[in-house]
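Read through the structure below, which is laid out as structure tokens, and then see the notes.
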Amino acid sequence: MARSLVIVESPGKAKTINKYLGRDYSVKASYGHVMDLPKNTLGILLPGEENGRKKRKKSKTSNGKPRKPAKTVRLTDDNIFEPTLEIIPGKRKVIQDLRGAASVAPAVYLAGDPDREGEAICAHLWQVLTRPARYAIPEDEEAKEKSSNGDGGEKKEAAKAKPPARKSEVHAVDRRKIFRVSFNEITPKAIRAAFEHAGQVNENLVDAQQARRVLDRLVGYKVSPLLWDKVRRGLSAGRVQTVALRLIVEREQEIRAFVPREYWTIHAMLDAGEPPVFEAKLLKYKGEDIEVPNQADADRIVAEARKANWSVASVTQKEKRRNPPPPFTTSKLQQAAYNRLRYTAKRTMALAQRLYEGVELGEEGSVALITYMRTDSVRVSADALAQVRELVPQRFGAEYLPDKPNFYKSKKDAQDAHEAVRPTDVTRAPEDVRRYLDDDLFKLYQLIWQRFVASQMVPAVNDQTTIDVSAGDYLFRATGSVPKFDGYLRVYQLPAESADREDDEKGEEGEGRALPRVAEGQSLRLDQLRPEQHFTEPPPRYTEATLVK
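The C-terminal position of the sequence shown is numbered 532 in this note's numbering, with every residue numbered one higher than the one before it.
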């Protein structure tokens, strides 16, 4: 009995999916894209060019007769900026294998990744399968592959004796039996749902990928030569690369143009009669905010404050709640992996790809551990929410589970095509798979798991105390904050204060600092009064994390 064919991008993904589909399906890999723009030419129709090439300068043919003017491409033409795609060199064997399998399969399912690139790969596969005559493999490619493989003379003679198959001998695959399936996670339930709702390639996504690819080629091919001529050979321009370079250059210009400005702060160490001795910082003078621009002013204020009576002007106590962060989007994953693990964006995405496609977990075989890692959404499926809300009280206690699920809003311009990056099965804790993963994979999976679980826990609660201290006309302020309930921080701890933190991880004033119990009007003893000199600092240079942000 013939088996249905499923085509994915990579062998790793094929292995994981094949385990869930069973014997009725054969899963093969395309090893990425099968078609692309030509390497040695622009491959795009531009205004003022004929058939994708610049206008001919010759006015006569080889026999001396006047050349008939060719129709040039105009901005009003429908095919303006149309790319000319060709089969990627080296993909001959892959395509022949896929064509052979597709020709005998009762159905063909294109299962590329659920994004623009995946949709384009599926569209190109559809074309090479259904239009073999139009997208024929160059005959000289076979000889090139044989010579590169070092085949002996006997094989070369055999090749001469048996010419390559003619275009007409390659049969087109019936387009009615080709379907597109898409899933956000490689799990039995997600795959089953995708095959139950198989559809066709989304041409809008394909057009979006094609537009991006054309822009990449135009910027790279048209701007790079200018850089070689005007700046230095070997430099390159790119659709994203050049924009990022502008941000970096503008930031560097800000840094070089920055003029530091001197300012001073004044700190008092005060004793309330019981520990701890606490520090207060000068805030106001006669009820108005105060700035100390130089040492002379600082010395004058210190001299006046030393003579004053120090007492508690007011005490304010309140609970401060820190809400859990949402699950990861792609950019937030890259930022957190850099800040916490020092992984580059490229390294993070390569590791996440492996976790998404599947890793070997002993007797379980190949298992996909996370959902698709390219997303701008913080949305989570109802099944995943139910699973994590069941896990939190079992693992950490009922007091860590909010009464209702935490829902997060994606950014206004988010495409929201896929879920947030999360574990496919949250009950598979990092320590359960530790022995199967290398250190890098384990750390990234642990980070994703912790962030997702934390997103469905209660806020952390701190007791924050603010003490205002009067010293004559001067007002000093001390702030302390001590943990009351760890909440989501039980599983997703904040990085050290000295490390880079994300926006939702910024430390509170006085974080981790305890203050003594004092009462309004209570006298205080001045232990030390010290001025400190500072200079304003320029904006920092970009790190990978802040540039991604």
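The C-beta atom is built at its ideal place from N, Cα and C for all residues, glycine as well.
Exercise. Hey, out of Val441, Leu25, Ala497, Gly83, whose CA is closest to Val465's CA?
Worked result: Reading the sequence shown from its first residue, position 482 is the one you call residue 465. The residue with the shortest Cα to Cα distance from Val465 is Ala497.
For this session: Go ahead and pull the three-state DSSP assignment for Val404.
Result: Counting from 1 along the sequence shown, the entry for residue 404 is found at position 421. It is a strand residue.
For this session: Please work out which residues of its chain come closer than 6 Å, Cβ to Cβ, to Ala142, disregarding the five sequence neighbours upstream and downstream, and give them in chain order.
Result: As a working note, residue 142 is residue 159 in the sequence shown. Caution is warranted here: a pLDDT of 41 is assigned to Ala142, below 50, making its placement in the model unreliable, and no coordinate value can be reported.
Exercise. Are Ile472 and Thr407 touching if we call contact CB-CB under 8 Å?
Worked result: Taking the sequence shown and counting its residues from 1, the one referred to as residue 472 is at position 489. Taking the sequence shown and counting its residues from 1, the one referred to as residue 407 is at position 424. Per the sequence shown, residue 472 should be read as Leu rather than Ile. With a cutoff of 8 Å on beta-carbon distance, Leu472 and Thr407 are scored as not near each other.
Exercise. Considering only C-alpha positions, which residue in the set Asp456, Phe435, Asp421, Val91 is nearest to Glu271?
Worked result: Residue numbering aside, residue 271 sits at position 288 when the sequence shown is read from its first letter. That would be Asp456, whose Cα lies nearest to the Cα of Glu271.
For this session: May I ask you to report which of helix, strand or coil DSSP gives Asp386?
Result: Counting from one through the sequence shown, the residue named residue 386 turns up at place 403. The three-state secondary structure of Asp386, taken from DSSP, is coil.
For this session: Report yes or no: do the region 379 to 398 and the region 351 to 365 share at least 3 C-beta pairs separated by less than 8 Å?
Result: When C-beta atoms of the region 379 to 398 are compared with those of the region 351 to 365, three or more pairs fall below 8 Å, so the two segments count as touching.
For this session: Check whether the Cβ atoms of Glu(-8) and Ser13 sit closer than 8 Å, and answer yes or no.
Result: Position 9 of the sequence shown, counted from the first residue, corresponds to residue -8. Position 30 of the sequence shown, counted from the first residue, corresponds to residue 13. Contact flag set, yes.
Problem set entry | Closest residue to His517 among Gly83, Val(-11), Tyr246 (Cα-Cα distance) | The residue you call residue 517 lines up with position 534 of the sequence shown. Of Gly83, Val(-11), Tyr246, the residue nearest in Cα terms is Tyr246.
Exercise. By Cβ distance below 7 Å, which residues in the same chain neighbour Pro413 in space, the five residues on each side in sequence not counted?
Worked result: Mapped onto the sequence shown, residue 413 falls at position 430. Excluding sequence neighbours, Pro413 sits near Phe425, Tyr428, Gln429, Trp432.
Problem set entry | Reduced DSSP secondary structure (H/G/I, E/B, other) of Ser438 | Indexing the sequence shown from 1 puts residue 438 at position 455. Note: Ser438 maps to helix in three-state DSSP.
Problem set entry | Residue environment, Pro523, which counts as buried when at least 16 other CB atoms sit within 10 Å | Position 540 of the sequence shown, counting from 1, holds the residue named residue 523. When all chains shown are included, Pro523 counts as exposed.
Exercise. Does the beta carbon of Val444 sit closer than 8 Å to a beta carbon anywhere in chain D?
Worked result: No chain D is part of this structure, which consists of one protein chain only.
For this session: Could you check the C-alpha separation between Glu69 and Gln79 for me, to the nearest Å?
Result: The residue labelled residue 69 in the question sits at position 86 within the sequence shown. The residue labelled residue 79 in the question sits at position 96 within the sequence shown. Distance between Glu69 and Gln79, taken at the CA atoms: about 15 Å.
For this session: Tell me, to the nearest whole angstrom, how far the beta carbon of Arg163 is from that of Gln183; I am working on the premise that it is less than 8 Å.
Result: Counted from its first residue, the sequence shown places residue 163 at position 180. Counted from its first residue, the sequence shown places residue 183 at position 200. Confirmed, about 5 Å.
Problem set entry | C-beta atoms of Val156 and Val91 nearer than 8 Å | In the sequence shown, counting from the first residue as 1, residue 156 sits at position 173. In the sequence shown, counting from the first residue as 1, residue 91 sits at position 108. For Val156 and Val91, yes; Cβs fall inside 8 Å.
Exercise. Quick one, are the C-beta atoms of Gly341 and Ile169 less than 8 Å apart?
Worked result: Taking the sequence shown and counting its residues from 1, the one referred to as residue 341 is at position 358. Taking the sequence shown and counting its residues from 1, the one referred to as residue 169 is at position 186. Yes; because the gap between Cβ atoms is below 8 Å, this pair is in contact.
For this session: Check whether the Cβ atoms of Pro499 and Pro258 lie closer than 8 Å to each other.
Result: For this step, residue 499 is matched to residue 516 along the sequence shown. For this step, residue 258 is matched to residue 275 along the sequence shown. Taking 8 Å as the cut-off, the beta carbon of Pro499 is found closer than this to the beta carbon of Pro258.
For this session: Just the C-alpha distance for Gly345 and Ala177, rounded to the nearest angstrom, thanks.
Result: Mapped onto the sequence shown, residue 345 falls at position 362. Mapped onto the sequence shown, residue 177 falls at position 194. The straight-line gap from Cα to Cα measures roughly 27 Å.
Exercise. Is it right to say Pro307 is buried, meaning 16 or more other beta carbons lie within 10 angstroms of its own, or is it exposed?
Worked result: In the sequence shown, residue 307 corresponds to position 324, counting from 1. Looking at its Cβ environment, which holds 16 or more other Cβ atoms inside 10 Å, Pro307 is buried.
Exercise. From Ala148 to Arg330, what does the alpha carbon distance come to, in whole angstroms?
Worked result: To locate residue 148, count along the sequence shown from 1; it is residue 165. To locate residue 330, count along the sequence shown from 1; it is residue 347. Reliability of the predicted coordinates at Ala148 is poor, the pLDDT of 44 falling under 50, and the value obtained from them is presented with this limitation in mind. Each residue's alpha carbon lies about 43 Å from the other.
For this session: Can you say whether Asp98 is buried or exposed, counting buried as having 16 or more other CB atoms within 10 angstroms of its CB?
Result: Within the sequence shown, numbered from 1, the residue matching residue 98 stands at position 115. So Asp98 ends up on the buried side.
Problem set entry | Start-to-end residues for the beta strand (DSSP E) that takes in Val536 | Since the first residue shown for the chain is -16 and the last is 532, residue 536 is missing from the structure and cannot be characterised.
For this session: Count the CB pairs spanning the region 197 to 207 and the region 219 to 233 that are closer than 8 Å, and state whether there are at least three.
Result: Pairwise C-beta distances place the region 197 to 207 in contact with the region 219 to 233, as three or more of them are shorter than 8 Å.
For this session: Would you list the one or two residues that DSSP bridges to Trp247?
Result: Here the question's residue 247 lines up with position 264 in the sequence shown. Trp247 is bridged to Val275, Gln516.
For this session: Please name the residue, chosen from Lys22, Gln318, Ala454, that lies closest to Val285 on a Cα-to-Cα basis.
Result: As a first step, residue 285 must be located in the sequence shown, where it is residue number 302. With distances taken between Cα atoms, Val285 lies closest to Ala454.
Exercise. Could you check where the beta strand (DSSP E) with Phe162 kicks off and where it finishes?
Worked result: Here residue 162 is taken as the residue at index 179 of the sequence shown, counted from 1. In the DSSP annotation of this structure, the continuous segment of the beta strand (DSSP E) that includes Phe162 starts and ends at 161 to 163.
Problem set entry | Through-space distance from Pro66 to Ala119, alpha-carbon basis | Position 136 of the sequence shown, counted from the first residue, corresponds to residue 119. Position 83 of the sequence shown, counted from the first residue, corresponds to residue 66. Straight-line spacing of the CA atoms in Ala119 and Pro66 works out to 17 Å.
For this session: Compute the distance between the beta-carbons of Ala116 and Ser(-13), then report whether it is under 8 Å.
Result: Locating residue 116 in the sequence shown gives position 133, counting from the first residue. Locating residue -13 in the sequence shown gives position 4, counting from the first residue. Contact: no.
Exercise. For the alpha helix (DSSP H) that contains Ile78, what are its first and last residues?
Worked result: Indexing the sequence shown from 1 puts residue 78 at position 95. Run containing Ile78: 75 to 87, per the alpha helix (DSSP H) assignment.
Exercise. Which class does Pro309 belong to by DSSP, given the choice of helix, strand or coil?
Worked result: As a working mapping, residue 309 is identified with position 326 in the sequence shown. In the three-state reduction of the DSSP assignment, Pro309 falls in the coil class.
For this session: Could you check the C-alpha separation between Val(-11) and Leu324 for me, to the nearest Å?
Result: Position 6 of the sequence shown, counting from 1, holds the residue named residue -11. Position 341 of the sequence shown, counting from 1, holds the residue named residue 324. If you take the alpha carbons of Val(-11) and Leu324, they lie about 36 Å apart.
For this session: Check the C-beta distance from Trp109 over to Ile174 and give it rounded, since I have them as a contact under 8 Å.
Result: Position 126 of the sequence shown holds residue 109. Position 191 of the sequence shown holds residue 174. Contact between Trp109 and Ile174 does not hold, since their C-beta atoms are separated by about 20 Å, which reaches or exceeds 8 Å.
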